[in-house]
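Below is one structure, written out as structure tokens, with a few remarks after it.
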Amino acid sequence: MTQPTSVNMTFDTSLTPELNQAPFNAEQSQETPKQSQALGVTSPPPKPSTPVQHIPTQDAYDQWASVYDTDGNMLQAIDDLELSSLLPSFLSMVLSSTYYPTLNLLDLGCGTGRNTARLLSFAWPPDRRVNITGLDFSRGMLDVAAKKLTPLVSATPNISLRLEQADCFPTVSSQTSSPIPAVPHLQPSKAVISTLVLEHIPLTPYFSTLSSLLAPGGYALVTNMHSEMGRISQAGFVNADGVKVRGESYAHTPQETAEEARRAGLEVVTLKERVMEKSDVEGGMVSDRGWKWVGIRVWYGMMLKKIG
Numbered sequence: 000m001t002q003p004t005s006v007n008m009t010f011d012t013s014l015t016p017e018l019n020q021a022p023f024n025a026e027q028s029q030e031t032p033k034q035s036q037a038l039g040v041t042s043p044p045p046k047p048s049t050p051v052q053h054i055p056t057q058d059a060y061d062q063w064a065s066v067y068d069t070d071g072n073m074l075q076a077i078d079d080l081e082l083s084s085l086l087p088s089f090l091s092m093v094l095s096s097t098y099y100p101t102l103n104l105l106d107l108g109c110g111t112g113r114n115t116a117r118l119l120s121f122a123w124p125p126d127r128r129v130n131i132t133g134l135d136f137s138r139g140m141l142d143v144a145a146k147k148l149t150p151l152v153s154a155t156p157n158i159s160l161r162l163e164q165a166d167c168f169p170t171v172s173s174q175t176s177s178p179i180p181a182v183p184h185l186q187p188s189k190a191v192i193s194t195l196v197l198e199h200i201p202l203t204p205y206f207s208t209l210s211s212l213l214a215p216g217g218y219a220l221v222t223n224m225h226s227e228m229g230r231i232s233q234a235g236f237v238n239a240d241g242v243k244v245r246g247e248s249y250a251h252t253p254q255e256t257a258e259e260a261r262r263a264g265l266e267v268v269t270l271k272e273r274v275m276e277k278s279d280v281e282g283g284m285v286s287d288r289g290w291k292w293v294g295i296r297v298w299y300g301m302m303l304k305k306i307g
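Per numbering that gives the first Met the number 0, residue 0 is the first one in the sequence shown, and the count goes up by one each step.
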């Protein structure tokens with residue numbers, strides 16, 4: 000396998016919302032009603048619908064990779080805000096739960112390495128050896144991650160990084176397959192993060208893989224697009240030809256997610272939901288694309304522990 004680079008499943012809210020069922024396969028978008036329309040004020044004619052192309056999710060992320068970090072993704076911005084405090088708390092909890100000199104961590108669906116970089120930059124104790132693995136199915140995303148993360152690895156002698164391209168959730172395509180990705184020497188991890196990935200995967204195969212990758216007593220941090228947002232929008236981007244490119248998406252509720260996690264042998268430690276606030280946009284934390292989502296739950300995250 001040639002040297003890969005990462006994939007991360009983030010969700011593009013630059014697109015006008017769509018009314019879809021999960022998984023999505025709609026061909027036309029529908030704009031969120033403007034306040035002036037709700038009040039009966041005459042407004043300009045709506046913009047013509049942007050053509051939509053549905054392609055395999057892996058192909059979509061390969062095409063998205065070159066602009067993924069710079070296209071103003073609203074949900075990615077919210078994820079960054081929440082993880083600025085949630086991820087350090089999670090890693091501190093992991094550290095306090097084990098005293099082994101070597102710690103294995105995994106970024107499942109690492110994408111362009113947005114949060115793999117946070118793992119590398121964390122203030123790890125100098126007496127701990129930390130081995131970080133990033134898995135993704137998109138070669139394009141992993142290539143971006145490799146360029147981004149290499150300087151960080153060079154600056155941290157007690158940390159190693161491995162990026163691997165793989166089918167991260169093998170039981171999606173074959174229920175008889177092992178849920179563990181076919182990656183050489185992949186060891187059970189004390190901690191797994193998987194951020195903005197779950198939207199693209201059915202719950203059962205997702206948690207089958209996640210649980211299988213965790214060592215007993217290990218912890219996982221999962222974030223995802225909230226179903227309140229997912230029912231009217233999904234991940235994707237507008238390509239150079241002005242076409243919306245989208246893969247397959249599922250609008251999982253936080254409650255369904257927690258229930259499936261428990262069935263997979265995981266304890267829900269914390270669960271948080273996030274509403275888009277006016278202050279997020281007014282303060283510049285989120286681009287102006289966030290205005291149409293104010294008051295809507297757009298994100299949720301949970302910490303999980305493998306029982307045993």
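No residue lacks a Cβ here, since even glycine has one placed at the ideal position from N, Cα and C.
In this chain, the alpha helix (DSSP H) harbouring Tyr205 covers Leu202 to Leu212. Taking the CA atoms as reference points, Leu102 sits about 17 angstroms from Ser193. Each residue's CA atom was taken as its position, placing Gly217 and Thr49 some 45 angstroms apart. In the structure shown, Met301 falls within a strand segment according to DSSP collapsed to helix, strand and coil. Comparing alpha-carbon positions, the option among Leu151, Ile295 and Leu86 lying closest to Glu227 turns out to be Ile295. Within the model, the alpha-carbon separation for Thr222 versus Glu198 is close to 10 angstroms.
Taking Gly229 as reference, the option from His184, Tyr299 and Lys277 with the minimal CA-CA separation is Tyr299.
In the DSSP secondary-structure assignment, Ala219 is bridged to Val191 and Leu303. Going by DSSP, Asp142 is part of no beta strand (DSSP E) but of the alpha helix (DSSP H) stretching over Arg138 to Ser153. Between Thr175 and Ala144, the C-beta gap is not smaller than 9 angstroms, which leaves the two residues out of contact.
In this chain, Gly264 is not harboured by any alpha helix (DSSP H), its DSSP state being neither H nor E. Apart from sequence neighbours up to five positions away, the residues of its chain that approach Met73 with a beta-carbon distance below 6 angstroms are Thr12, Val285, Arg288 and Gly289, ordered along the chain. DSSP places Asp166 in the coil class of the three-state scheme, outside both helix and strand.
Here DSSP, grouped into helix, strand and coil, assigns Arg128 to strand. Cβ atoms of Ala263 and Ser210 come within 8 angstroms of each other, at about 4 angstroms. Nearest neighbour of Val129 by Cα position, chosen from Tyr205, Lys146, Asp135 and Val93, turns out to be Val93. Between Glu272 and Ser88, the alpha-carbon positions lie close to 17 angstroms from each other.
In the structure shown, Asp106 falls within a strand segment according to DSSP collapsed to helix, strand and coil.
Note that the region 135-149 touches the region 104-114; at least 3 beta-carbon pairs, one per stretch, sit closer than 8 angstroms.
A residue is called buried when at least 16 other Cβ atoms come within 10 angstroms of its Cβ; Lys277 does not meet this threshold and is exposed. Straight-line spacing of the CA atoms in Lys305 and Leu220 works out to 11 angstroms. By the Cβ test, the region 78-88 is not in contact with the region 51-68, since fewer than three Cβ pairs between them sit closer than 8 angstroms.
Within the same chain, Cβ atoms closer than 6 angstroms to the Cβ of Thr170 are found at Ser176, Pro178, Pro204 and Ser207, the five residues on either side in sequence being excluded. Under the three-state reduction of DSSP, Thr175 is assigned to coil, being neither helix nor strand.
Annotated as proximal: Leu134 and Leu105, with beta-carbon spacing under 9 angstroms. For Val280, the enclosing alpha helix (DSSP H) has its first and last residue at Lys277 to Glu281. By the CB criterion at 9 angstroms, Leu160 and Leu119 fall inside the cutoff.
Here Lys146 is exposed. Its C-beta has fewer than 16 other C-beta atoms within 10 Å.
For Gln75, the enclosing alpha helix (DSSP H) starts and ends at Met73 to Ser96. Distance check between Leu162 and each of Phe168, Ser173, Lys291 and Phe136 places Phe136 closest, using alpha-carbon atoms only.
Going by beta carbons, Val293 and His225 fall outside the 9 angstroms limit.
Looking only at Arg261, Pro201 and Glu281, the smallest Cα-Cα distance to Gly307 is reached by Arg261. Look at Leu185 here: in three-state DSSP terms it is coil, with no helix or strand label.
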